[in-house]
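Shown next, in structure tokens, is the structure this report addresses.
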Amino acid sequence: MEEHIIYLTNIRKQIIDELEQHSLKQLLYIPVGYKNNLFWNAAHVLATQQLIHYYLTDNRMLVDIQFIQKYKKGTLGNTEVTENEVQELKEMLESTPMQLFKDYRSEKLSYYRSYKTSFGMSLESIEDAILYNNIHEAMHLGYMFSMKKNIPF
Numbered sequence: 042m043e044e045h046i047i048y049l050t051n052i053r054k055q056i057i058d059e060l061e062q063h064s065l066k067q068l069l070y071i072p073v074g075y076k077n078n079l080f081w082n083a084a085h086v087l088a089t090q091q092l093i094h095y096y097l098t099d100n101r102m103l104v105d106i107q108f109i110q111k112y113k114k115g116t117l118g119n120t121e122v123t124e125n126e127v128q129e130l131k132e133m134l135e136s137t138p139m140q141l142f143k144d145y146r147s148e149k150l151s152y153y154r155s156y157k158t159s160f161g162m163s164l165e166s167i168e169d170a171i172l173y174n175n176i177h178e179a180m181h182l183g184y185m186f187s188m189k190k191n192i193p194f
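In this text, residue positions in the sequence shown follow the numbering used here: the first is 42, and each later residue adds one.
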């Protein structure tokens, strides 16, 4: 399972690259036909990862609940953020896969409360959640690739 956490690290590097390649104005721009922006997609994957890897294992999440409330499933990318918040997000995107690796190896995440995703997949274990999360994050990275083509500046 550890190799799938390494895959997560690689996906995260690409998401961080997207954040670094765009100005704050570009990160917050919502292109026509979209409900959110580049920043929201990056923040959303972190919020989702924390929920399915930590909340559903009855562990303390590594981000605060206000962050989760702003970027969980069903929210919109219409909030203002600062350069500082972009930097903090990049740091969390980079550090959380390694923490997941440590927590997985220590069996801290062995208890799992089952959850049915919006894809219709049932997550019954942390292993299911790790595999699903990579699919989810890669999908949002794809959205980011598509979205950036529709930023007119």
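Built from N, CA and C at the ideal position, the CB exists for glycine as well.
Compute the beta-carbon to beta-carbon distance between residue i and residue j, rounded to the nearest angstrom, for a pair I have assumed lies under 8 Å.
i    : j   : result
L182 : I46 : L182 to I46, Cβ: 16 Å. No contact.
I192 : P72 : 6 Å
Tell me the residue span of the alpha helix (DSSP H) that contains residue i.
i    : result
M139 : E124 to R146
L87  : L79 to H94
M42  : From DSSP, M42 is part of no alpha helix (DSSP H); its letter is neither H nor E.
I71  : Run containing I71: none; DSSP gives neither H nor E here.
I109 : I106 to Y112
Let me check understanding here. Comparing Cα to Cα, which of the options lies closest to residue i?
i    : options                   : result
R53  : L134, E168, Y173 and N174 : L134
Y156 : M185, L130, H177 and L97  : L97
T123 : K131, L117 and S166       : K131
Q110 : E126, N100 and L92        : L92
L68  : T116, V127, S147 and G115 : V127
N100 : I71, N82 and R154         : R154
E61  : H177, K149 and E129       : E129
F160 : L150, N174, Y152 and S147 : N174
Is residue i helix, strand or coil by DSSP?
i    : result
K157 : strand
S64  : coil
Return the chain-ordered list of same chain residues with a C-beta closer than 7 Å to the C-beta of residue i, the five sequence neighbours on each side being excluded.
i    : result
M42  : Y145, E168 and I171
P138 : I46, L49, T50 and R53
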